[in-house]
Amino acid sequence: MTHTRTVVRGGLVITAADETHADLLIEDGRIAAVAATGSTVAEGWSAERTIDATGKYVIPGGVDAHTHMDFPFGGTFSSDDFESGTRAAAWGGTTTIVDFAVQTKGHALREGLDRWHAKADSKCAIDYAFHMILSDVNQGTLKEMDMLVEEGITSFKLFMAYPGVFYSDDGQILRAMQRTAANGGLVMMHAENGIAIDVLVEQALAEGRTDPRYHGEVRKALLEAEATHRAIQLARVAGSPLYVVHVSAEEAVAELASARDKGLPVFGETCPQYLFLSTDNLAEPDFGGAKYVCSTPLRPREHQAALWRGLRTNDLQVVSTDHCPFCFVGQKELGRGDFSKIPNGMPGVEHRMDLLHQAVVDGHISRRRWIEIACATPARMFGLYPKKGNLQPGSDADVVIYDPQAEQTLSVETHHMNVDYSAYEGKQLTGQVETVLSRGETVIDRRTYAGRAGHGQYTPRGLCQLLD
Ligand code: DUC
Ligand code: ZN
Ligand code: ZN
Numbered sequence: 004m005t006h007t008r009t010v011v012r013g014g015l016v017i018t019a020a021d022e023t024h025a026d027l028l029i030e031d032g033r034i035a036a037v038a039a040t041g042s043t044v045a046e047g048w049s050a051e052r053t054i055d056a057t058g059k060y061v062i063p064g065g066v067d068a069h070t071h072m073d074f075p076f077g078g079t080f081s082s083d084d085f086e087s088g089t090r091a092a093a094w095g096g097t098t099t100i101v102d103f104a105v106q107t108k109g110h111a112l113r114e115g116l117d118r119w120h121a122k123a124d125s126k127c128a129i130d131y132a133f134h135m136i137l138s139d140v141n142q143g144t145l146k147e148m149d150m151l152v153e154e155g156i157t158s159f160k161l162f163m164a165y166p167g168v169f170y171s172d173d174g175q176i177l178r179a180m181q182r183t184a185a186n187g188g189l190v191m192m193h194a195e196n197g198i199a200i201d202v203l204v205e206q207a208l209a210e211g212r213t214d215p216r217y218h219g220e221v222r223k224a225l226l227e228a229e230a231t232h233r234a235i236q237l238a239r240v241a242g243s244p245l246y247v248v249h250v251s252a253e254e255a256v257a258e259l260a261s262a263r264d265k266g267l268p269v270f271g272e273t274c275p276q277y278l279f280l281s282t283d284n285l286a287e288p289d290f291g292g293a294k295y296v297c298s299t300p301l302r303p304r305e306h307q308a309a310l311w312r313g314l315r316t317n318d319l320q321v322v323s324t325d326h327c328p329f330c331f332v333g334q335k336e337l338g339r340g341d342f343s344k345i346p347n348g349m350p351g352v353e354h355r356m357d358l359l360h361q362a363v364v365d366g367h368i369s370r371r372r373w374i375e376i377a378c379a380t381p382a383r384m385f386g387l388y389p390k391k392g393n394l395q396p397g398s399d400a401d402v403v404i405y406d407p408q409a410e411q412t413l414s415v416e417t418h419h420m421n422v423d424y425s426a427y428e429g430k431q432l433t434g435q436v437e438t439v440l441s442r443g444e445t446v447i448d449r450r451t452y453a454g455r456a457g458h459g460q461y462t463p464r465g466l467c468q469l470l471d
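Residue numbers (our numbering): 4 to 471.
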């Protein structure tokens, strides 16, 4: 049902900058005005629809800048497509995803991008945008990068891991960085030394160490730190900014902190799985650790403090999910007897906002920092601000009414992602999404799904807004 004018009354409006008791006026899918609750201005608004947010938070919809819907990996595809994955995202208060279109080696970027448009078209419940994964940096693809930046795909993921698949060598990385230094794009780096890791994988398997926990042991923190360091130096040489994805190791955070202390335009992202899970999960019995196999890998619990600290000190700026689900039955099981054949990736798109709210409850971050790392900064980082990530007049009316007192228990029985396990089974959280609007349209209405596939629009992006 379309409402041209909606008023959200009485909630605590939280943005990255402010917390105020305010009412929102929504008109034609955008925030039209924000005014103090009870003020003459707010009292004067009339609307077809009023949402009572008394006792609730009113926050911008989440921006998850790192998802992999329908993603090919290890001979299979991630189990959420754009329809199930964006519906689950909406349930969890995320109203924008930036997914990774994939270039197939030997083929044009354009071909990969067209394929991702076809996968997502008419499927999404919420708005979406794309980054591009470069599997093959060459003269042709370097030229294509300029065109993609022009049309709103302004960031490019490169891999220092996965030799023979997505891997780029240092020369290719340097060339891609030089290109973004010139065209304004942003290189996103998967920073792990894949050549060294493959040696350790081979040795582990030869010695009969085949269990999922060895995935964590061979993908050493030092090899994440080394690659992070190398990526930073290459970016310095190229004169380009750098965004390091899925940072999991304390030593890698230290590399980012030291670069930022020098004033370099280097950014870092972490994910809830690194903040809440650990190698203890990878060691779960009966091949259960396979549920937690992702790369970079989960680390020993001691690394978590450095990640939380990095989020507080702004050495890490963004939390996204790296949502890349594979079912335990039939997909994770491909790696029984050989951990290197377990498809890499974990489900999580539904739980990011809630887990980070729990971090507020637990005292790791403030409420405004919650919104900053989950909504505002990802929008700025990837050229979507203030359309996304804020609630200022003119912003898209992507609005979440959040109940900070609700209690919930995460479980495969109740989640909406298309995957046969929960990485957080039985975890109790305080706080839950109640209602979600996407461009003013109701997607979740007091915990009932009211959205539709095809509502979500492709959203071209501008350049990174954190560089001056
Ligand atoms: N890491 C994952 O865990 N999955 C997909 C790709 C990646 O880099
Ligand atoms: Zn990666
Ligand atoms: Zn990823």
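We put the CB at the ideal spot given by N, CA and C, even for glycine.
These numbers come from a predicted model, not from an experiment.
{"query": "Contact the segment 247-256 vs the segment 365-383: 3+ CB pairs below 8 Å", "result": "no"}
{"query": "Residues that residue 135 bridges to, as DSSP identifies them", "result": "104, 159"}
{"query": "Distance, residue 140 Cα to residue 9 Cα", "result": "48 Å"}
{"query": "Range covered by the alpha helix (DSSP H) that runs through residue 275", "result": "275-279"}
{"query": "Segment contact, 8 Å Cβ cut-off, at least three pairs: the segment 126-141 with the segment 164-179", "result": "yes"}
{"query": "Residue(s) in a DSSP beta bridge with residue 25", "result": "14, 39"}
{"query": "Residue 468 in three-state terms, based on DSSP", "result": "coil"}
{"query": "Any C-beta of chain B under 8 Å from that of residue 301", "result": "Here chain B cannot be found, since the structure has a single protein chain."}
{"query": "C-alpha distance - residue 302 paired with residue 281, whole-angstrom precision", "result": "5 Å"}
{"query": "Nearest-angstrom Cα separation, counted from residue 286 out to residue 181", "result": "42 Å"}
{"query": "Residues that DSSP places opposite residue 63 in a beta bridge", "result": "402"}
{"query": "Residue 195 to residue 358 span [Cα, whole Å]", "result": "26 Å"}
{"query": "Residue 120 classed as buried or exposed, judged by whether at least 16 other C-beta atoms fall within 10 angstroms", "result": "exposed"}
{"query": "Residue(s) in a DSSP beta bridge with residue 295", "result": "None, per the DSSP bridge assignment."}
{"query": "Close beta carbons around residue 468, own chain, < 7 Å, minus the five adjacent residues each side", "result": "383, 386, 388"}
{"query": "8 Å Cβ cutoff met for residue 129 and residue 99", "result": "yes"}
{"query": "Stretch pair the segment 418-430 + the segment 396-410: three plus CB contacts closer than 8 Å", "result": "no"}
{"query": "Neighbour-count burial assignment, residue 19, 16 or more Cβ in a 10 Å radius", "result": "buried"}
{"query": "Close Cβ partners of residue 437 (< 7 Å) along its chain, the five nearest in sequence each way excluded", "result": "59, 404, 405, 406, 449, 450"}
{"query": "Element boundaries [alpha helix (DSSP H), containing residue 218]", "result": "216-221"}
{"query": "Three-pair Cβ contact test at 8 Å for the segment 217-231 versus the segment 200-209", "result": "yes"}
{"query": "Given 8 Å, three or more beta-carbon pairs between the segment 229-242 and the segment 293-312", "result": "no"}
{"query": "Any 3 or more C-beta pairs closer than 8 Å across the segment 94-108 and the segment 51-58", "result": "no"}
{"query": "Beta-carbon proximity of residue 67 to residue 324, cut-off 8 Å", "result": "yes"}
{"query": "Residue 218: CB within 7 Å of a non-hydrogen atom of ligand 3", "result": "no"}
{"query": "Heavy atom of ligand 3 within 7 Å of residue 69 beta-carbon", "result": "yes"}
{"query": "Closest residue to residue 146 among 292, 164, 112 (Cα-Cα distance)", "result": "112"}
{"query": "beta-carbon residue 248 near ligand 2 non-hydrogen atom, thresh 7 Å", "result": "yes"}
{"query": "Meets three-Cβ-pair contact criterion under 8 Å: the segment 183-201 and the segment 232-242", "result": "yes"}
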